[in-house]
Amino acid sequence: MTDSNRVVGHESVGESASVETRLTARGLTHGFGDGAILEDISITVEPGEILAVVGPSGTGKTTLFRLLALFEQPDSGTVEVGGEDVWAMPDEQRLAVRRRIGMGFQTRSLFSTTVADNVAYGLRVRQSWRTRLRDAVEDAFGQTEPSPTVERALETVGMSDKIDRDARSLSAGEAQRVAIARALAPDPDVLLLDEPTSNLDPRNTAAIESAMREARDRGIAVALATHDMQQAQRVSDRTAVLLDSTCIESGPTDRVFETPSDDRVRRFIEGKLVY
Ligand SMILES: Nc1ncnc2c1ncn2[C@@H]1O[C@H](COP(=O)(O)OP(=O)(O)OP(=O)(O)O)[C@@H](O)[C@H]1O
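Under the UniProt record's numbering, the sequence shown has 205 at position 205, and the numbering climbs by one with no breaks.
Encoded structure:
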């Protein structure tokens with residue numbers, strides 16, 4: 001994959017590091033005191049694919065995604081980027097890797113400013129202090145125009161027409177789309193989306209699914225946590241099923257849905273396994 005076929009190009013992203021895009025979790029075990037929430041999970045998110053992680057509510061999808069996003073260190077097992085254990089890296093190197101991972105999590109997380117500023121935020125924190133200082137001065141004199149990168153990220157989620165809106169005035173679906181644009185703007189290698197369409201209407205859901213496909217088609221490694229089996233079937237290339245604290249099945253989505261090898265997966269797909 002070349003930079004030219006990415007969703008958005010690197011724009012003054014002076015401090016970012018180039019890393020191999022494959023993200024691997026190997027033997028991850030993690031808990032919060034009362035036993036393990038996740039046990040011995042191994043999954044890989046490849047560049048140019050959408051991996052759906054499905055499972056009932058409370059099965060540990062968010063916990064897994066927080067580990068993949070490097071928010072927390074696993075109790076045991078490794079998270080690897082480019083074959084390297086990120087928790088064995090020096091802090092600075094891990095931060096550089098962390099900046100190549102875009103995230104959209106369930107909680108509403110936009111800042112009280114315009115849509116454009118929200119999307120530009122991820123770019124700003126990756127800029128050198130010189131560029132940030134220049135932008136701050138230009139901002140103070142009202143000289144800034146939205147960058148093409150911000151415009152293109154908003155285009156990807158179908159929100160170009162709301163670029164000047166106050167983020168506080170957006171609907172939940174629109175806010176979620178802006179949050180995804182913010183994650184896409186710095187041109188990440190990996191995009192992690194945790195239940196990005198829960199409680200959204202079909203129109204917003206379709207816009208977000210389309211943005212996921214576009215990110216995948218530009219070579220980004222996309223992982224999606226969802227309890228919506230139809231969504232996993234619609235958008236993902238591979239599916240991993242989490243149940244009883246571990247990954248009980250993974251493989252090409254068509255295969256997992258049509259001929260699951262684990263009977264619990266078959267019953268879960270058919271809606272007969274109720275947790
Ligand atoms: N910080 C924490 N401290 C204690 N327990 C936690 C913490 N975070 C998550 N848990 C517990 O871990 C389990 C898995 O939670 P998690 O949010 O990862 O599941 P999930 O599959 O994402 O659920 P949902 O689909 O409802 O979002 C739950 O029982 C939850 O209560």
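Glycine included, C-beta positions come from ideal geometry on N, C-alpha and C.
Exposure label - residue i; buried when at least 16 CB within 10 Å
i    : result
N118 : buried
D187 : buried
K272 : exposed
F268 : buried
T259 : exposed
A153 : buried
P148 : exposed
T24  : buried
F65  : buried
D189 : buried
Cβ neighbours of residue i in the same chain (closer than 7 Å, five flanking residues each side left out)
i    : result
I37  : H30, G31, G60, T63, S245
R238 : E49, L51, S250, G251, P252, T253
R6   : Residue placement at R6 is poorly supported in this model, since its pLDDT is 41, which falls under 50; the coordinates still yield a value, given next. Here the set comprises D187, R218, G219.
A207 : V157, G158, R177
R266 : P260
Cβ-based neighbour list, residue i, same chain, cut-off 6 Å, excluding 5 preceding and 5 following
i    : result
G104 : A179, I180, A183, L193, P196
S76  : T29
S236 : I50, A52, T253
V115 : K162, I163, R165, A167, V178
Contacts around residue i, its chain only, beta-carbon distance under 8 Å, and the 5 residues preceding and following it disregarded
i    : result
S261 : E249
D85  : T78, V79
S109 : A179
S160 : E151, L154
M89  : V97
A17  : In this prediction, A17 scores a pLDDT of 39, lower than 50, which makes its location untrustworthy; the coordinate-derived value is nonetheless stated afterwards. Hits under 8 Å: Q93, A96, V97, R99, R100.
Distance CB(residue i)-CB(residue j) smaller than 8 Å
i    : j    : result
T21  : A215 : no
D40  : G58  : no
N199 : A172 : yes
T212 : V54  : The sequence given here has Met at residue 212, not Thr. Not a contact, by the Cβ cut-off of 8 Å.
L123 : A185 : yes
H227 : P56  : yes
_Length at least 3, wholly inside the stretch 52 to 111: the beta strand (DSSP E) runs in chain order_ = 76 to 81, 101 to 104
_Uninterrupted beta strand (DSSP E) stretches inside the stretch 235 to 262 (no shorter than 3 residues)_ = 238 to 243, 246 to 252
*Per the contact definition of three or more C-beta pairs closer than 8 Å, is the stretch 162 to 169 in contact with the stretch 195 to 205?*
no
*Does the stretch 66 to 83 come close enough to the stretch 98 to 106 that 3 or more CB-CB pairs lie under 8 Å?*
yes
*Whole runs of the alpha helix (DSSP H) within the stretch 138 to 223, excluding any shorter than 4 residues*: Those alpha helix (DSSP H) runs which fall completely within the stretch 138 to 223 and span 4+ residues are 148 to 156, 172 to 184, 202 to 217.
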